[in-house]
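Quick note on numbering: the sequence shown equals residues 6 to 381 in our numbering.
Okay, so here's the structure we're looking at.
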Amino acid sequence: MELFNVYSLFPINIVKGLGQRVWDDKGQEYLDLYGGHAVISIGHAHPKYVEALSRQAATLGFYSNSVINRLQEQVAERMGIISGYGDYSLFMVNSGAEANENAFKLASFHTGRSRILSLKKAFHGRTSLAVEATDNPKIIAPVNDSGHVTYLPWNDLEVARNELSKNNVAALIIEGIQGVGGIRVPSDEYMRGLREACTAHGTVLILDEIQSGYGRSGRFFAHQYSGIRPDLITVAKGIANGFPCGALLISPMFEPVLGQLGTTFGGNHLACAAALAVMDVIEQEKLVENAASVGSYLLEQLSSIPGPVEVRGRGLMIGIEFDEPVKEIRQRLLFEKHIFTGVSSNNVIRLLPPLCITGQDADRFLESYSQVLKTK
6 MELFNVYSLF PINIVKGLGQ RVWDDKGQEY LDLYGGHAVI SIGHAHPKYV EALSRQAATL
66 GFYSNSVINR LQEQVAERMG IISGYGDYSL FMVNSGAEAN ENAFKLASFH TGRSRILSLK
126 KAFHGRTSLA VEATDNPKII APVNDSGHVT YLPWNDLEVA RNELSKNNVA ALIIEGIQGV
186 GGIRVPSDEY MRGLREACTA HGTVLILDEI QSGYGRSGRF FAHQYSGIRP DLITVAKGIA
246 NGFPCGALLI SPMFEPVLGQ LGTTFGGNHL ACAAALAVMD VIEQEKLVEN AASVGSYLLE
306 QLSSIPGPVE VRGRGLMIGI EFDEPVKEIR QRLLFEKHIF TGVSSNNVIR LLPPLCITGQ
366 DADRFLESYS QVLKTK
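Written as structure tokens, this is what we have:
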């Protein structure tokens, strides 16, 4: 049997990682400024993370529903403290797409409506309804036939208010910072306006913090810059540093009903151990503060380098937009300078490094990036 080939891979075989660095099978070291689509939050193979997973794995043959429940309660308690949402409830799943799918279900159950508002260029996952709410040309979504999803123009509050005033919208979903959409940051005024309009018309506001959350923006959640509190918050990726895990933070306005939601593997004992270890490291090593500091430095320095059309982002979620494809720049950074970066569309370089990167790492990238642009 062969693999169903849907992934484009570089001809590099990575065999080891530590912190913000990885090594290939030839011993070449690389600086990782992408972290597997923002999955690596506390760094590759962090010793506290490895120890926690190893210790929990040793009990694989001895766990029960009561053990799992206690572990999930620990995750919920810790996440409430670290995020500032201690009065919310937690439902653990396996991925970001599953988190968004359950958010849509809860919104529909709560409002009795089925319509969803999403933003243009958004990406909310790959399950059926999540794909439907994803405005991405790479994914064929049955939006035109279903009529369930309406795409809103970027930062246009009046259009959003007009759609919400129809009083038939179950949920409006927005990313704290758009990831696949090109690292676009919604204005704080826009976020506050959406919150007010959703409240006025009985619509559930969902914040997709799957890529922008867990300290990446320099706040625990990117939406916290605007001072709003959404009704539902979805998280994944950095929540468990590479172990499959996602979660839904649920406002007290929702009343749980037995059997309302379900998951087979969500919140298993290994996922909980990974999530707890990540929160330990984030707090102990002050990684949110580091993301804010190093991210601000990178944004400031990148903005002074001529070449791109725009540099934007917050913390360690940065987009560098050019008026031409960035394939050559990205490949030269990788193969000549040994630095991994990401891409959004064809013309935006996307930086999503582990939150533990240092000022020296930032300077290494800035020097390499400048050299590549000068000889392009």
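No residue lacks a Cβ here, since even glycine has one placed at the ideal position from N, Cα and C.
Discussion item. Please list the terminal residues of the continuous alpha helix (DSSP H) segment that includes Met-196.
Written reply: 193 to 205 is the extent of the alpha helix (DSSP H) around Met-196.
Fill in: Beta carbon proximity, Val-316 to chain B, threshold 8 Å
Included in the structure is just one protein chain, with no chain B present.
Practice prompt. Hey, could you find the ends of the alpha helix (DSSP H) Ile-45 is sitting in?
Written response: Unbroken run through Ile-45: none, as it is neither H nor E.
Discussion item. Buried or exposed, going by whether 16 or more other CB atoms sit within 10 Å of the CB of Pro-261?
Written reply: Per the 10 Å Cβ criterion, exposed.
Fill in: Spatial distance of Gly-272 from Glu-163 (CA atoms)
Looking at the two C-alpha atoms, the distance is approximately 40 Å.
Practice prompt. Pick out whichever of Ile-47, Ala-276 and Arg-26 has its Cα sitting closest to the Cα of Gln-289.
Written response: Ile-47
Fill in: Residue span of the beta strand (DSSP E) that contains Ala-279, given as start and end
No beta strand (DSSP E) holds Ala-279; the alpha helix (DSSP H) holding it covers 274 to 289.
Discussion item. Given this structure, state the Cα-to-Cα distance separating Ile-233 from Ala-43, to the nearest angstrom.
Written reply: Distance from the CA of Ile-233 to the CA of Ala-43, rounded to the nearest whole angstrom, comes to 24 Å.
Fill in: Residue from Ser-192, Leu-281, Arg-319 and Gly-247 with nearest C-alpha to Gly-41
Gly-247
Discussion item. Using the Cβ count rule (16 or more neighbours within 10 Å means buried), how would you classify Gln-61?
Written reply: Buried, by the Cβ-count rule.
Practice prompt. Give, in chain order, every unbroken run of the alpha helix (DSSP H) that is at least 4 residues long and sits entirely within the region 301 to 355.
Written response: Fully enclosed alpha helix (DSSP H) runs of 4 or longer: 332 to 340.
Discussion item. With distance defined between alpha-carbon atoms, name the residue in Gly-181, Gly-22 and Asp-30 nearest to Asp-37.
Written reply: Gly-22
Discussion item. Please classify Asn-149 as buried or exposed, where buried requires at least 16 neighbouring CB atoms within 10 angstroms.
Written reply: For Asn-149, the pLDDT reaches just 40, beneath the cut-off of 50, and the residue's location in the model is therefore unreliable, leaving the point undetermined.
Discussion item. Please identify the residue among Pro-191, Ala-81 and Gln-77 whose C-alpha is closest to the C-alpha of Lys-125.
Written reply: Checked all of Pro-191, Ala-81 and Gln-77; the closest Cα to Lys-125 is Pro-191.
Worksheet item: If you check the beta carbons only, do Ile-354 and Val-377 fall under 8 Å apart?
Response: No. Outside cutoff.
Worksheet item: Which value, in whole angstroms, describes the spacing of the CA atoms of Ala-112 and Lys-31?
Response: 50 Å
Discussion item. Strictly by DSSP, which residues pair up with Ala-176?
Written reply: Ile-121 and Val-209
Worksheet item: Comparing alpha-carbon positions, which option in Met-97, Ser-170, Tyr-156 and Gly-186 lies nearest Gly-318?
Response: Gly-186
Worksheet item: Does the beta-carbon of Thr-380 have 16 or more other beta-carbons within 10 angstroms, so that it is buried, or is it exposed?
Response: exposed
Worksheet item: Who pairs with Phe-226 in a beta bridge, going by DSSP?
Response: Per DSSP, Phe-226 has no beta bridge partner at all.
Worksheet item: For Gln-183, which of helix, strand or coil comes out of DSSP?
Response: strand
Discussion item. Looking only at its chain, what residues have a beta carbon closer than 7 Å to the beta carbon of Val-27, apart from the 5 residues adjacent to it on each side?
Written reply: Ile-19, Lys-21, Tyr-35, Asp-37 and His-49
Worksheet item: Is it buried or exposed for Lys-171, if we count other Cβ within 10 angstroms and need 16 for buried?
Response: exposed
Item to complete: Determine, using beta carbons only, whether Arg-118 and Val-174 come nearer to each other than 8 Å.
Response: yes
Item to complete: Could you tell me how far apart the beta carbons of Arg-221 and Gly-243 are, in whole angstroms, since I believe they sit closer than 8 Å?
Response: 7 Å
Worksheet item: In chain order, what residues of the same chain have a beta carbon less than 7 Å from the beta carbon of Pro-52, not counting five sequence neighbours either side?
Response: none
Worksheet item: Is Ile-145 helix, strand or coil when you go by DSSP?
Response: Its pLDDT being 40, under 50, Ile-145 is placed unreliably by the model, and the measurement read from it follows with that caveat. Ile-145 falls in the coil class under three-state DSSP.
Discussion item. In the DSSP output, what is Gly-91 paired with across the bridge?
Written reply: Its beta-bridge partners do not exist; DSSP assigns none.
Discussion item. Between which two residues does the alpha helix (DSSP H) holding Ala-63 run?
Written reply: Ala-63 -> no alpha helix (DSSP H), and no H or E assigned at all.
Discussion item. Considering only the alpha carbon of each residue, which of Glu-214, Pro-235, Asn-74 and Ala-227 lies closest to Ala-252?
Written reply: Glu-214
Worksheet entry | Contact check, Leu-356 vs Thr-346, beta carbons under 8 Å | Cβ distance < 8 Å, so Leu-356 and Thr-346 count as in contact.
Item to complete: Tell me, please, which residues DSSP counts as bridged to Ile-255.
Response: Ser-94 and Leu-237
Fill in: Proximity of Tyr-39 and Pro-358 at Cβ, strictly below 8 Å
yes
Worksheet entry | Span separating the alpha-carbon of Phe-96 from that of Leu-266 | 9 Å
Practice prompt. Kindly indicate which three-state DSSP category Ser-151 falls into: helix, strand or coil?
Written response: Reliability of the predicted coordinates at Ser-151 is poor, the pLDDT of 47 falling under 50, and no value is obtained from them.
Item to complete: Would you kindly work out how many angstroms separate the C-alpha atoms of Leu-303 and Asp-285, rounded to a whole number?
Response: Going by C-alpha positions, Leu-303 is about 26 Å away from Asp-285.
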